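**Q**
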Amino acid sequence: MLPTLVEDTVMAKKTTKIRPWTKEDIRMLKALAREKTKTSVIARKLKRSVGATYQKARALRVTPGGGRGKRKV
């Protein structure tokens, strides 16, 4: 019979607290999107994840800038 390694150490999970979007956050998101700022930069300025920023922009029907540039031919 082979010995099995079982460790009882449990790593603590990183908990995230959901912050509601304030009017100031939305105002800043719209302003930065109008300037065609990349989603990653907007997320950093708002101290939110890229996914949360993208979802909120979609809900507000705002198109953030950035992404891939035009292809050179």
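Okay, so the sequence shown: first residue is 404 according to this note's numbering, each after it adds one.
Just so it is clear, CB atoms sit at the ideal spot from N, CA and C, and this is done for glycine as well.
What you are looking at is a predicted structure, and each value in this text was computed from that prediction instead of being measured.
Compare the C-alpha of Thr419 against each of Lys450, Leu435, Lys441 and Thr442 and name the closest.
**A** In the sequence shown, residue 419 corresponds to position 16, counting from 1. The alpha carbon of Thr419 has as its nearest neighbour, out of Lys450, Leu435, Lys441 and Thr442, the alpha carbon of Lys450.
**Q** Following the continuous alpha helix (DSSP H) through Met414, name the residue where it begins and the one where it ends.
**A** Translated into the one-based positions of the sequence shown, residue 414 becomes position 11. Careful: Met414 lies outside any alpha helix (DSSP H) and carries neither H nor E.
**Q** In chain order, what residues of the same chain have a beta carbon less than 7 Å from the beta carbon of Lys459, not counting five sequence neighbours either side?
**A** The residue given as residue 459 occupies position 56 in the sequence shown. Cβ neighbours of Lys459 beyond the five flanking positions: Trp424 and Leu432.
**Q** Assuming Pro467 and Ala436 make a contact with CB atoms under 8 Å, what is their CB distance in whole Å?
**A** As a position in the sequence shown, residue 467 is number 64, starting the count at 1. As a position in the sequence shown, residue 436 is number 33, starting the count at 1. Contact holds; Cβ gap of about 5 Å.
**Q** Using C-beta distances below 6 Å, list every residue in its chain close to Met448, excluding the 5 sequence neighbours before and after it, in chain order.
**A** By one-based count along the sequence shown, residue 448 stands at place 45. As written in the sequence, residue 448 is Lys, which differs from the Met given in the question. So the list is empty, once near-sequence residues are dropped.
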